[in-house]
Every structure is written in structure tokens, then in C-alpha cells.
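Undergrad: Before we start, here is the structure in question, set down as C-alpha cells.
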Ligand code: PLP
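Numbering (my numbering), first residue to last: 1 to 401.
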């Protein structure tokens, strides 16, 4: 029977334990496993037989979760790793070697930008950042040694929406692999593999776990690619997702659909409130009709997500005054948690991008990223309202920078 996403979230993967009937996914922290004979051990290590042989290459708790994540993303297989960055770097390294080139979307998570501009070049990997809303610009930037197109949609922090289907078609016509960071959407709102992508990655630290107490990542794609990444990237770099964190993600994941819908409701109201406020310069939210890719967002996504980015009139000083005046929202680097979290990308998550490049990517000094939590929507809006009143009262919105 084919299930809808909310049912898949609850039931996909392993069912109740046959012997005991236990429904909750068991926590198995074991590192070592015993085999009945050498042939069985050899078959498991070769991937010819299901099983676990050493904790650095996976464990049963994580494998149960991987099955679920693979089904949710409509992928053949999934790999749980120790962080979103392990998923990003691991999936890129799986397809790249010395002398290869990556095309990356412009406003991308700061950590991805840092990996591609600092660590990857040390191993002879080149990168160019392109405006991926412009397919011609993407095609013009493809070089003989380009192997991967790496994108986020909607992007972090400017919520630029990219056409996954058309970008995948273009990339595949040049034999590039397409890797998509689906952290902001989750499989509840978007399934990039259905639209043509080769690999999906997640920071499960965010919505998938959803409770702010785990660092984790997932890579989803074809069986052979995932097997290669498990054996040769995750295993060799030592980045497995441990059983304890997988257990917590299994718990957190059960409410993903409910949570994501509530995050979307509050973000949509916050975006509408902000866009009609006189102290606001601009709002980035794909659900607003004035968002440049609103039509694409409606066609490609099942909801507009829980993140709103915006600029307060008055630039950096006004942004600082606004953020410091919030009483409910907490200043934090993360997102997708039950608590409403706010941050200043230019000095926090995207500080490692040089200022001139940040400006080119629209990550201005006045930009604020707001992750709506699961509190009552009215309290979230009231908090925005009172913080904006503080900005206006002190005249911070009148500063020119
Ligand atoms: N991708 C996105 C869109 C993110 O926002 C982040 C972190 O903020 C990451 C990836 C990296 O995830 P992690 O912190 O789990 O390594």
C-alpha cells in the first residue's frame, strides 16, 4: 500500500520487534557484531548481505532511521552521518577529485561556502558561485572539468527558490551530478529526487530532529552512491551518526508533519505582518506574492517553510536594535527548533564569506534570518511588533548607512 507522507513518517522502516512486540525503535549502541562464520562476515562487509559489522560504518538504530529517511525522500538508500556538514562535504567528495570543478548557487549556507572555498581547494577542487535562477548563466559557467551542481532551495538566508527540474535537466545534459540541500523544506514540503536531483542532503540538526538536541546529517540517493559514501567517505573520515542521536531523531521525526505545518503557518503570518510594516525595508519569503519565484515555489513546494528573512529600514544599527529588542525569539545560530530563533547572517552564520561577496549574494549587513518556532503564532507576531516599535522609538530605522 502506498502511504502519504504523514503515515510514512510514522510507519516506514522497521515495524514492531517480532519477539517482544516493542513498537518504539530500539536503541542499540553496540560497536562490534559477531558472525556465525567467515563467509557471512565477508558477505556483510562486501555489502552483499544486510547487516552491521563495525560501528564506524553504521549501527542498527541508525540503519532503521536511514530506511525511513530514504522512503521519505523517495530515494533508493540513505546514509546517516555525524552532521549536516558531514553530509555536504561527504556527498561532494564522493563525486569530486583533484582537478574537478563545482558550480554552486550563490547564497548558500555559510558552512558549505567555507568548505568549498577553504578545505576543498587544498585538495585541488575548484568552485564558482553562480546565480542559479539564471539557467543561461549556469550553462555559461559549466567547464570541461565541472562535475557537480550544488544547490539549496529555498536558499539560506535569502530564500531564493531554484527550479530543480530544469536545473537537473541542464546539469544532466553535461553529465553533472546534482546535489540539493533540502534542510529548509524537509521531505514534507519538497522531494528533490522526484524532480530529477541525484542526491539530497539534510542537516537533521534542524527540522528532522526538531528539538535542538542533536547534530546529525543525512545523504539520500542511489544505492551504489550511498554504499560508496558509507564505505569510502563516512567510514574513512570517521563521521558516523551514533545510535543515541539516531534514537532521538526517530522520536523527533514522528511529529515532523505536524511541526512543519505549524512552522509554515507562523512564518506565513510573520512574513505578511512584516511586509506591511512601515519600518521594514524588504521581506524574503516564497509564500509572498511579490517574491520573485512565488509561482515556481507554489508549483515545486508543498508549503513555504518556516524561515523568513528580512531587512529593517536603517541597516545594521536598526537590525541590531531590532534583534536585541526581541523578548520571545532567542538569538541563535540554529533553526527549525520549537523555539523561535533569530540571527544576523552577516556576523553569525555567514560571517566567513568575505564582505564584498556577501553583498553580491544579497547578504547585507541589515539582513535578519528568523526561524519561527512552535509557540502561539500571535505571541510570535506580538514579539516582532514590540521589537519594531523599539526600533522606531529610538529612531534606529532613520539611520543611513
Ligand atoms: N544546511 C543548511 C541549510 C544549514 O542551515 C546548516 C546549518 O545551519 C547546515 C546545512 C549544516 O548543518 P550542521 O550544523 O548539522 O552541520
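Note that CB positions come from ideal geometry on N, CA and C, so glycine has one too.
Note that the structure is a prediction, hence the values are computed from the model and not measured.
(1) Would you identify the three-state DSSP class for residue 90, choosing helix, strand or coil?
(2) Would you kindly check if the distance between the Cβ of residue 57 and the Cβ of residue 231 is under 8 Å?
(3) Which two residues bound the contiguous beta strand (DSSP E) that contains residue 78?
(4) Have a look at residue 104 and residue 23 and give me their C-alpha separation to the nearest angstrom.
(5) For a test of the three-state rule: what should DSSP assign to residue 268, helix, strand or coil?
(6) If you run the structure through DSSP and keep just helix, strand and coil, what is residue 45?
(7) In chain order, what are the residue ranges of uninterrupted beta strand (DSSP E) at least 3 long that sit wholly in the region 209-292?
(8) Among 221, 310, 70 and 307, whose alpha-carbon lies nearest the alpha-carbon of residue 8?
(9) Going along the chain, which residues of its own chain have a beta-carbon closer than 8 Å to the beta-carbon of residue 386, five neighbours each way excluded?
(10) Heavy atom of ligand 1 less than 7 Å from the Cβ of residue 205, yes or no?
(11) Under a three-way DSSP split, which group does residue 176 fall into?
(12) Relative to the alpha-carbon of residue 218, which residue among 63, 43 and 33 has its alpha-carbon at the smallest distance?
(13) Measuring alpha carbon to alpha carbon, tell me which residue in 256, 106, 214 and 234 is nearest residue 357.
(14) To the nearest angstrom, report how far apart residue 303 and residue 41 are at their CA atoms.
(15) Among the candidates 44, 305 and 384, whose CA atom is the shortest distance from the CA of residue 184?
(16) Go through its chain and collect everything with a Cβ distance to residue 161's Cβ below 6 Å, but skip five positions before and after it.
(17) I need the straight-line Cα distance from residue 60 to residue 17, nearest angstrom please.
(18) Is it the case that the CB of residue 349 approaches a heavy atom of ligand 1 more closely than 7 Å?
(19) Confirm, please, whether the CB-CB distance from residue 349 to residue 373 is below 8 Å.
(20) Would you call the region 177-191 in contact with the region 30-38, where contact means no fewer than 3 C-beta pairs closer than 8 Å?
(21) Tell me which residue opens and which closes the beta strand (DSSP E) that residue 147 is part of.
(22) Mind checking whether the beta-carbon of residue 273 lies closer than 7 Å to any heavy atom of ligand 1?
(23) Under three-state DSSP, which class holds residue 8?
(24) Which of the three DSSP states is assigned to residue 63 in this structure?
(25) Taking 7 Å as the line, does the beta carbon of residue 209 fall inside it for any heavy atom of ligand 1?
TA: So, from the listed chains and residues:
(1) Note: residue 90 maps to helix in three-state DSSP.
(2) Contact: yes.
(3) First-last of the beta strand (DSSP E) with residue 78: 77-81.
(4) Using only the alpha carbons, I get a separation of about 42 Å.
(5) The three-state reading of DSSP puts residue 268 in helix, counting H, G and I together.
(6) Correct three-state label for residue 45: helix.
(7) Annotation: the region 209-292 contains the following complete segments of the beta strand (DSSP E) (minimum length 3 residues), in chain order: 217-221 and 280-284.
(8) Ranked by Cα distance from residue 8, the options 221, 310, 70 and 307 are led by 70.
(9) So the list reads 325 and 327, once near-sequence residues are dropped.
(10) Checking the Cβ of residue 205 against ligand 1 gives yes.
(11) Residue 176: coil per DSSP, three-state reduction.
(12) Selected option, being the one with the closest Cα: 63.
(13) 106 is the residue among 256, 106, 214 and 234 whose C-alpha sits nearest the C-alpha of residue 357.
(14) Residue 303 and residue 41 have their C-alpha atoms some 46 Å from each other.
(15) Considering only 44, 305 and 384, the residue with the shortest C-alpha distance to residue 184 is 305.
(16) Within the same chain, residue 161 has close Cβ partners 153, 154, 286, 293, 296 and 297.
(17) Answer to the nearest angstrom: the Cα atoms are 13 Å apart.
(18) Yes, Cβ of residue 349 sits closer than 7 Å to a heavy atom of ligand 1.
(19) Taking a C-beta distance under 8 Å as the contact criterion, residue 373 and residue 349 do not qualify as a contact pair.
(20) Cβ pair count under 8 Å is below three, so no.
(21) Per DSSP, residue 147 belongs to the beta strand (DSSP E) from 146-152.
(22) Ligand 1 has no heavy atom closer than 7 Å to the beta-carbon of residue 273.
(23) Note: residue 8 maps to helix in three-state DSSP.
(24) DSSP places residue 63 in helix when its eight states are reduced to three.
(25) Within 7 Å of the C-beta of residue 209 there is not a single heavy atom belonging to ligand 1.
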